[in-house]
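Worksheet: one structure, shown below.
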Amino acid sequence: MKKEYIFAGLGVGVVLLLLYFTSFKSNFTIRDVFTDSTANGKFTYLIVETESNDSKTLINWAKGIKSSEEFLKMPDKTKPAVVTIYFYNPKDTISLDENTTNALKKRYPNNPDFMEKINFAPKGWQYIGHNSKILEGISKDSIFQTLIFVPKEGYKAKDIIPK
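What follows is the structure, given as C-alpha cells:
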C-alpha cells in the first residue's frame, strides 16, 4: 500500500512538472535580426513571431532576449546600444492595400520596390530596451501596441532596408 502512494506521488509530481514547463515555455520565434552600427551607437532590430498578445508576457520575453544575447554589447561605452523588438502574430498579417502602398511610395520614393517584400501587421507590439547610462531619461524597457510591417516569407530586413 505504501508503494502505491509513492508511485502515485511520483506520477502526480511528473505531471505537475510537465504542466509547469509547458505552460511557461516561451512560445515565440525570432524570425529576423538586423543590426545597424554607426558613429551614433548600435541599434538592433528583431522581428519575432508569436501568437501571444499579452503585454506582460511579451515584455518578459523581450527582457530575456535583451539580456541573453549580446545585442547591447558595445566596446565604446560612450555610445548607446538599443534593441527594438517587433512582435507579431503571423496569422494576423495581411497584404498591403492600395492606400498603404501609395502612402509608402510617397514616403520612400527612392525604394519603390520594397512594398512587394512586406506585409502589414495591424496588431503588432513594439518593445524598446537598452542598458545605457547615456539614455537615463528613457525607460530601459517599454512596450506598446502598434502597427508594424514585416518581411514576407523569403525576405529578410536586410533585403528591404536601404543601405
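Each number in the numbering used here corresponds to the 1-based position in the sequence shown with 1 added.
Positions of the beta carbon are idealized from the N, C-alpha and C atoms, including for glycine.
None of the values given here were measured: they were computed from a predicted structure.
If I follow the unbroken alpha helix (DSSP H) through residue i, where does it start and stop?
i	result
G65	56 to 69
L47	No alpha helix (DSSP H) holds L47; the beta strand (DSSP E) holding it covers 42 to 51.
D160	158 to 161
What does the Cβ neighbour count give for residue i, buried or exposed, with the cut at 16 atoms within 10 Å?
i	result
L148	exposed
V154	First, the residue type needs correcting, since residue 154 is Glu and not Val in the sequence shown. So E154 counts as exposed.
G65	exposed
Y128	buried
A40	exposed
E50	buried
K107	exposed
A158	buried
I144	buried
Y109	exposed
I119	buried
A104	exposed
Tell me the rounded alpha-carbon separation between residue i and residue j.
i	j	result
G138	P81	13 Å
S133	S69	16 Å
S140	D37	21 Å
V16	T58	Unreliable positioning characterises V16 in this predicted model, as indicated by a pLDDT of 41, which lies under 50. The coordinate reading is nonetheless provided below. Going from the Cα of V16 to the Cα of T58 covers about 24 Å.
D93	A122	6 Å
F44	I60	18 Å
D160	T79	30 Å
F115	P91	19 Å
N54	K124	9 Å
M75	G42	8 Å
Identify, in the order they occur along the chain, each residue of the same chain with its Cβ nearer than 6 Å to the Cβ of residue i, setting aside the five sequence neighbours on each side.
i	result
I48	R32, D33, Y87, V151
Y46	F35, T85
Whose C-beta lies closer than 7 Å to the C-beta of residue i among residues of the same chain, with five residues either side of it excluded?
i	result
L73	K67, A82, V84, H131, N132
For the beta strand (DSSP E) containing residue i, list its first residue and its last residue.
i	result
L148	142 to 152
D93	It is not in any beta strand (DSSP E) - D93 carries neither H nor E in the DSSP assignment.
K124	119 to 131
D37	29 to 39
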